[in-house]
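A short write-up of the structure that comes next.
In UniProt numbering, the protein residues as written are 1 to 79.
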């Protein structure tokens, strides 16, 4: 997962650097305003995903009620 996230960050960085280099030469493919708006949307989506993960972990996931401590260690193989 770390490699995938690193690869995505690398691609976004290369695209952003390419846009800056083209801007130096006076070539405008994408305006800076569109790039900033897209960045804000990605940031908001990231924050939303983190909040949803926290809500799921805090309120919706209750694995403790499914585990019976009186049964014993279920992870060990039967002999």
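The beta carbon of each residue, even a glycine, is placed where N, CA and C say it ideally should be.
- If you look at residue 39, you'll find it in the alpha helix (DSSP H) that goes 32 to 55.
- Where residue 2 is concerned, the enclosing alpha helix (DSSP H) starts and stops at 2 to 24.
- A straight line joining the alpha-carbon of residue 40 with that of residue 16 spans about 15 Å.
- In terms of Cβ geometry, residue 35 and residue 21 do not form a close pair [threshold 8 Å].
- Residue 13 and residue 7 have their C-alpha atoms some 10 Å from each other.
- Apart from the 5 residues on each side of it in sequence, residue 5 has no Cβ closer than 8 Å to any other Cβ in its chain.
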